[in-house]
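Residue numbers (the working numbering): 5 to 167.
Below, the structure is given as structure tokens:
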């Protein structure tokens, strides 16, 4: 059982940052994955980018913020320990799925290094699948968890509420 007074304390602290005050998570973490998505999207035209994709390494939420230099990074790290389980579990699942998919992509793309057409086609499939996971993760960050269904993100009213 989570201490609601501690949760309320962190919800107050994260206001006016990019950390969601309901979930205590920040979409900034996905910038780390956006790097590899961008590289994958360029692979069809620039096959030499495969070396950068292979060199990409996963970072935990904590590692990302420790390396980020963002002013709110210490708070993001501290608040992560207080993320309500209803958001933390599906968020961690999405991150694990993304990391696994990237490992799979590196193995498969490395094996087809000499076939530029297949490399580009396969990379496009991977970056689109990763982007869908980023979208799912972003929805979780903003409080949308609907039966842990990976195809569900945010409904239009939730999107409208963000703006």
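Beta carbons: idealized from backbone N, C-alpha and C, even for Gly.
Remember, it's a predicted structure, so these values are computed and weren't measured experimentally.
| Check | Outcome |
| --- | --- |
| For residue 57, list the residues DSSP reports as bridge partners. | DSSP output for residue 57 lists no bridge partner at all. |
| Counting only the same chain and skipping the five closest in sequence on each side, list residues whose C-beta sits under 7 angstroms from that of residue 110. | 57 and 58 |
| Is residue 30 helix, strand or coil when you go by DSSP? | strand |
| Would you kindly work out how many angstroms separate the C-alpha atoms of residue 85 and residue 30, rounded to a whole number? | 13 angstroms |
| Are the CB atoms of residue 83 and residue 18 within a distance shorter than 8 angstroms? | yes |
| At what residues does the alpha helix (DSSP H) containing residue 75 begin and finish? | Careful: residue 75 lies outside any alpha helix (DSSP H) and carries neither H nor E. |
| Taking the C-alpha atoms as reference points, what is the distance between residue 131 and residue 73? | 27 angstroms |
| Closer than 8 angstroms by C-beta to residue 88: which residues in its own chain qualify, once you throw out the five before and the five after it? Chain order, please. | 6, 11, 27 and 28 |
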